[in-house]
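K.L.:
In our numbering, each number is its position in the sequence shown, counted from 1, plus 5.
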Amino acid sequence: MYTSELLALRTTQTAADYILLLTDEPKPHHIVTGGAISHVNHSIPSVLLVQRAAHERSYPNEWEIPGGHVDPGESILESLSREIYEETNLVVTKVLCEFEGFQYWSTKYEEGESDLVDSTLTVCTLQLNFCVLVSDTSAIKLDPNEHQQYAWCTSETLEQFKMTPTMRQVVRNALDSLGSFLSTLQIN
6 MYTSELLALR
16 TTQTAADYIL
26 LLTDEPKPHH
36 IVTGGAISHV
46 NHSIPSVLLV
56 QRAAHERSYP
66 NEWEIPGGHV
76 DPGESILESL
86 SREIYEETNL
96 VVTKVLCEFE
106 GFQYWSTKYE
116 EGESDLVDST
126 LTVCTLQLNF
136 CVLVSDTSAI
146 KLDPNEHQQY
156 AWCTSETLEQ
166 FKMTPTMRQV
176 VRNALDSLGS
186 FLSTLQIN
């Protein structure tokens, strides 16, 4: 898990600010956020997963944590809250922690006026991941253009969900981070 000072920085830091600070190559073209929505009132950590729509060009029907791109001028944590709300109708009340992100390459498709001018572009994206609490988990309402169903996942049920190996590791890291967080609550 990352420090609380770094989490405080994310409240004002934009994607452009973040990219400027990176020293490793390749630098990402885009920053996206992922939100591991948790039930902290349960003794066993669980994370909300959403299943991508069947018509999605990339990874149709696969499970993931909610999230998406950081808009220009938007802070990283503003993006996180906005994306979670847009995808699930849930309002973030607290960001518990940041945990390990990942970088990936993807192909972006741009539609032209005809099939002859469609183009593709390969871009590098960095996903920053956070564990969050929301106000009311019973208020889940998915956007059918993006996701078709949701489920709560624990360490014991993780393997039953179809997802990329990278996303499986993200969910595993989220559950571990939440487990650590819950154990500190029980100690204090």
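C-beta atoms are modelled at their ideal positions from N, C-alpha and C, and glycine is treated no differently.
Less than 9 angstroms separating the beta-carbons of T142 and L53?
P.N.:
In this structure, L53 lies closer than 9 angstroms to T142 by Cβ.
K.L.:
Ordered along the chain, which non-local residues of its own chain (more than five positions away) have a Cβ less than 7 angstroms from that of H152?
P.N.:
The residues are V55, Q56, R57, A58 and E92.
K.L.:
Exposed or buried, what is L27 when buried is set at 16 or more other beta-carbons lying within 10 Å of its beta-carbon?
P.N.:
So L27 counts as exposed.
K.L.:
Contact between the segment 167-180 and the segment 77-96: three or more CB pairs below 8 angstroms?
P.N.:
No, because fewer than three Cβ pairs between the segment 167-180 and the segment 77-96 fall closer than 8 angstroms, the two stretches do not touch.
K.L.:
Give the list of continuous beta strand (DSSP E) stretches no shorter than 3 residues that lie fully inside the segment 128-168.
P.N.:
Here the runs fully enclosed are 152-158.
K.L.:
Just mark E164 as buried or exposed, buried being the case when its beta carbon has 16 or more other beta carbons within 10 Å.
P.N.:
Its Cβ having fewer than 16 others within 10 Å, E164 is exposed.
K.L.:
Label Y155 either buried or exposed according to how many other C-beta atoms from any shown protein chain fall within 10 Å of its C-beta, with 16 as the threshold for buried.
P.N.:
Buried: at least 16 other Cβ atoms inside 10 Å.
K.L.:
By a C-beta neighbour count over all protein chains shown, 10 Å radius and 16 as the cutoff for buried, is G1 buried or exposed?
P.N.:
Look at the range of the chain in this structure, 6 to 193, and you will see that residue 1 is not part of it.
K.L.:
Starting from I42, follow its DSSP beta bridges and name the residues at the other end.
P.N.:
Paired residue(s): V137.
K.L.:
By DSSP, does S80 sit in helix, in strand, or in coil?
P.N.:
Three-state DSSP puts S80 in a strand.
K.L.:
Express the C-alpha separation of T112 and V176 in angstroms, rounding to a whole number.
P.N.:
Using only the alpha carbons, I get a separation of about 24 angstroms.
K.L.:
Going by DSSP in three states, D22 sits in which element: helix, strand or coil?
P.N.:
It is helical.
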